[in-house]
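Going from the sequence shown to the working numbering is simple: count from 1 and add 21. Comments concern the structure below.
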Amino acid sequence: MRVSCLPTPIVARKFGSLAWPAPRGAALMAVCLVLGACSDGSDEDLPSATQLRAICASIVGKQLGAVTVSAAKRYEADSARGTPAFCQVQATQPPYLDFEVILPDNWSGRLWQQGGGGFDGFIDSAVVLDAAGKVQALSRAVGQQAAVYATSNGGNRQSVAAEAGPMVWFDGTPAGAQSLQDYDYASVGKTVHFAKALTAEFYGRKPSKTYFSGCSNGGRNAYAAIQRWPEEYDGVVSGCMGMDLAGQTAMWMNIAKVEGTPAMPTATQWNRLYQAAVAACDARDGLTDGIIANYAGCDFDVSTQACGQAGASSDPSICLSAAQVATAKTLVSSLTSSAGSVVYSRYQWADWSTSFYGVLGGAYMAIATSDVSWITSPARQATFDLGQHLGPLTIGLQQTGADNDKRAVADFVAAGKKVIHWHDGADELVSLEDHQRNIALVHEMAKAKGLADPAQASRFFIVPGTNHSGGQSLTAVDWSKAIIDWVEAGIAPSQLTYTASTAAQGVRTLPVCPYPQYPRYVSGDTSLSTSYTCTAP
């Protein structure tokens, strides 16, 4: 393929709030002048592999707005692995915001933006390399959908103590304040604007379709993308985060306040409690396989694991005290205000043995109140009181821009733009029930705005048996094909496939069903999704 060097006319194009040069960038112009390979500028024309190789080599040091390209590496196509040739670009924007953009030779015109996780601080790369530095795995968005892939570290650097969240956000410096704003929301817009500008530098035109996908904090990022830059995106995938960071933080703090006390079960006790729930509810999906797929049909009672009960362990280090039973019940019961309104919906059964409620909840309390003692002092965390602290928490997270606005999501859906919401079926950190509660609110608001059937633009799926973020690996669920088919071909997702690989079971596929359906085993090979059917609870 050839590329046009001189657009007609040469004008500046604007991506979001940043103005960049016309889409035939300086690096591309230099290559064209050297190679003398210019075409008529039709949208179908792309630079040749030779040209893209040269652009990749020459892009280092290029500044696009406030972003500087710091490194670029070319990877050639690998027919054995089925991966295309691409350029991996790294870039940075002060103070601590780093980017990765992958630009494939066989670009389809799509841009795929990936969100982060936790407190961010790292690049969720599209590329997995082996020990020899060769491409071992590649994001489906690049490898199968030929999209440009863009992501960032969210504005802080986990590997550098003085630049790592959450503590850098409270260091009293302008850089720390900017890092917090980047984490709260700004890095999402900066990433899409830079990626579109860089795409224009490489290919001579901006993307025709743009998508966002993320899980956990990346799921929060996904709703922030909808809320603040709806014009930039055609489709969004948001996983394992429920559009209510204030309610989520309140639930975390409600558990964190008993950490370090006898009322908090140990990791072993949490794990044994989950195993008892699995033993009681596993077969309710038609198959005993270690997964509570029929989560809505599980009515397991925590009290059965209290010391002295017939169904509990006789080992006092495994059975639960009365105080520990009460703590466990706070997770499988909705958190309500004194007036009886739901602040946060109950969790479904999960293994809570490795959760960090004080770390997570304390950080968001600090973001909301600017009081860093919520992070550093367990004694401060123990003072959490829903009636006293929910109001400042809610207002504070809204003012910093960290929380999501369900009205904006409803506007996006009502406009007919597509959103796939999803959740891990055994999520120990974020409640799938609260995610569903907020999606239902969004759908009601979208209907009030004139959308008769919100399912035309917004659908919720559950990945069976996975813990937090388990449905987001490179091979777990093909979210990219699902949202792209919906946006570009009008094929609405009705059932997806989860692929898992374990030493005990090998490779196994299961249906990913629309909420509240679950995959019920019918007959045949238990490792194949075709042996199951999505069933109402």
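Beta carbons are placed, not taken as given, at the ideal position from N, Cα and C, and that holds for glycine.
Is it true that the CB of residue 550 sits closer than 8 Å to the CB of residue 532?
The residue you call residue 532 lines up with position 511 of the sequence shown. The residue you call residue 550 lines up with position 529 of the sequence shown. The answer is yes: Cβ separation under 8 Å.
Excluding sequence positions up to five away, which residues of its chain have a Cβ less than 8 Å from the Cβ of residue 548?
As a working note, residue 548 is residue 527 in the sequence shown. Taken in chain order, the residues that qualify are 526, 527, 528, 529, 530.
Counting C-beta neighbours from all protein chains within 10 Å, is the total for residue 64 16 or more, i.e. buried, or is it exposed?
The count along the sequence shown starts at 1 and reaches residue 64 at position 43. Its pLDDT being 42, under 50, residue 64 is placed unreliably by the model, and the measurement read from it follows with that caveat. Burial call: exposed.
Express the C-alpha separation of residue 217 and residue 227 in angstroms, rounding to a whole number.
As a working mapping, residue 227 is identified with position 206 in the sequence shown. As a working mapping, residue 217 is identified with position 196 in the sequence shown. C-alpha separation (whole angstroms): 6 Å.
Buried or exposed (CB count within 10 angstroms, at least 16 for buried), residue 127:
One-based indexing of the sequence shown puts residue 127 at position 106. Exposed, because fewer than 16 other Cβ atoms sit within 10 Å of the Cβ of residue 127.
Tell me the DSSP secondary structure of residue 548 in three-state form.
Taking the first residue of the sequence shown as 1, we reach residue 548 at position 527. If DSSP states are grouped into helix, strand and coil, residue 548 belongs with coil.
Only counting the same chain, and skipping five residues up and downstream in sequence, which positions put a Cβ closer than 7 Å to that of residue 459?
If you number the sequence shown from 1, residue 459 lands on position 438. Excluding positions up to five away in sequence, the list reads 263, 264, 265, 427.
N- and C-terminal bounds of the alpha helix (DSSP H) containing residue 413
Translated into positions along the sequence shown, residue 413 becomes position 392. Note, residue 413: alpha helix (DSSP H), 407-421.
By alpha-carbon positions, which one of 244, 147, 141 ends up nearest to residue 203?
For the purposes of this step, residue 203 is taken as the residue at position 182 of the sequence shown. It is 141 whose Cα lies nearest to the Cα of residue 203.
Near residue 366, what residues of its chain come up, given a Cβ to Cβ distance below 6 Å and the 5 sequence neighbours on each side ignored?
Counted from its first residue, the sequence shown places residue 366 at position 345. Around residue 366: 355, 452, 454, 455, 458.
Using only CA atoms, which one of 232, 382, 92, 172 lies nearest to residue 251?
Taking the first residue of the sequence shown as 1, we reach residue 251 at position 230. Ranking 232, 382, 92, 172 by Cα distance to residue 251 puts 232 first.
Reference residue 418; option with closest CA among 215, 212, 391, 438:
Position 397 of the sequence shown, counting from 1, holds the residue named residue 418. For residue 418, the nearest C-alpha among the options comes from 391.
Same chain, Cβ closer than 6 Å to residue 241, five either side skipped, listed in chain order:
Within the sequence shown, residue 241 is the residue found at index 220, counting from 1. Once the five neighbours on either side are set aside, the close Cβ partners of residue 241 are 262.
What number of angstroms, rounded off, separates the C-alpha of residue 352 from the C-alpha of residue 368?
Translated into the one-based positions of the sequence shown, residue 352 becomes position 331. Translated into the one-based positions of the sequence shown, residue 368 becomes position 347. Computed Cα separation, rounded: 6 Å.
Decide if residue 135 is buried, meaning its Cβ has at least 16 other Cβ atoms within 10 Å, or exposed.
Counting from one through the sequence shown, the residue named residue 135 turns up at place 114. Classification for residue 135: buried.
Could you name each continuous alpha helix (DSSP H) segment of 4 residues or more that falls completely within the segment 352-417, going from the start of the chain to the end?
378-390, 394-397, 399-402
Let's test the definition: count the other Cβ atoms within 10 Å of the Cβ of residue 517 and tell me whether it reaches 16, buried, or not, exposed.
Within the sequence shown, residue 517 is the residue found at index 496, counting from 1. It is buried - the Cβ of residue 517 has at least 16 other Cβ atoms within 10 Å.
With DSSP collapsed to three states, give me the class of residue 452.
Reading the sequence shown from its first residue, position 431 is the one you call residue 452. If DSSP states are grouped into helix, strand and coil, residue 452 belongs with coil.
Apart from the five residues just before and just after residue 208, which ones in its own chain have a Cβ nearer than 7 Å to its Cβ?
Counted from its first residue, the sequence shown places residue 208 at position 187. Cβ within range, chain order: 118, 173, 175, 176.
At the level of alpha carbons, what is the spacing between residue 290 and residue 138?
As a position in the sequence shown, residue 290 is number 269, starting the count at 1. As a position in the sequence shown, residue 138 is number 117, starting the count at 1. Residue 290 and residue 138: Cα-Cα distance of roughly 27 Å.
Check this for me: beta carbons of residue 219 and residue 286, under 8 Å apart or not?
Indexing the sequence shown from 1 puts residue 219 at position 198. Indexing the sequence shown from 1 puts residue 286 at position 265. Contact flag unset, no.
Going by other Cβ atoms of all chains shown within 10 Å of its Cβ, with 16 needed for buried, is residue 332 buried or exposed?
Taking the first residue of the sequence shown as 1, we reach residue 332 at position 311. Exposed is the call here.
Let me know if residue 102 comes out buried or exposed under the rule of 16 or more other beta-carbons within 10 Å of its beta-carbon.
The residue labelled residue 102 in the question sits at position 81 within the sequence shown. That one is exposed.
Here's the rule I'm using: 16 or more other beta-carbon atoms within 10 Å means buried, otherwise exposed. How should residue 100 be labelled?
Taking the sequence shown and counting its residues from 1, the one referred to as residue 100 is at position 79. The residue in question, residue 100, is exposed, as its Cβ has fewer than 16 Cβ neighbours within 10 Å.
Going by DSSP, name the residue or residues bridged to residue 107.
Here residue 107 corresponds to residue number 86 of the sequence shown, with the count starting at 1. Per DSSP, 96, 125.
With 16 other Cβ atoms within 10 Å as the buried cut-off, status of residue 523
Looking up residue 523 in the sequence shown gives position 502. Residue 523 should be labelled exposed.
Nearest-angstrom beta carbon gap, residue 467 and residue 475 [assumed within contact, 8 Å]:
Here residue 475 refers to the residue found at position 454 of the sequence shown. Here residue 467 refers to the residue found at position 446 of the sequence shown. Yes, they are in contact, since the Cβ atoms of residue 475 and residue 467 sit about 5 Å apart, within 8 Å.
Taking C-beta to C-beta, are residue 277 and residue 378 nearer than 8 Å?
Taking the first residue of the sequence shown as position 1, residue 277 is located at position 256. Taking the first residue of the sequence shown as position 1, residue 378 is located at position 357. In this structure, residue 378 lies closer than 8 Å to residue 277 by Cβ.
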